[in-house]
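Take a look at the structure below.
In this note's numbering, the protein residues as written are 202 to 293.
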């Protein structure tokens, strides 16, 4: 599912126009991004938790040439699924 598919699904389930659904998705992306930039955890009870984490600088290797290189430090996002989501996925 991509962003367009999500917008269509929201508009159908909530009886909204596609532009209203797109606005909801865009606002949600902004809220998530702002919270993660502020090092906040986003906890959706039963669904899961989004957290940002710092990946440290490390040595890597170019698989094509075999030459070693430094991979710069960066911030990434982790998602830990919640109990309800895992139950739905595993049909318990």
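Glycine residues also receive a C-beta, built at the ideal position from the N, C-alpha and C atoms.
Practice item. Figure out for me which residue from 248, 252 and 280 has the closest Cα to the Cα of residue 288. Key: 248
Check your understanding: Just the Cα atoms here: how many angstroms apart are residue 258 and residue 267?
Key -> 19 Å
Exercise for review: Kindly indicate the opening and closing residues of the alpha helix (DSSP H) around residue 246.
Suggested key: Premise fails: residue 246 is in no alpha helix (DSSP H) and is neither H nor E.
Review point. Is residue 254 closer than 8 Å to residue 277 when the C-beta atoms are compared?
Key: yes
**Study point:** Pick from 291, 274 and 275 that is closest to residue 282, judged by C-alpha positions
**Key:** 291
Check your understanding: In angstroms, rounded to a whole number, what distance separates the CA positions of residue 209 and residue 219?
Key -> 6 Å
Point to revise | Local conformation of residue 214 per DSSP, three classes | key: helix
Exercise for review: Using alpha carbons as the reference points, say which of 233, 205 and 271 lies closest to residue 260.
Suggested key: 271
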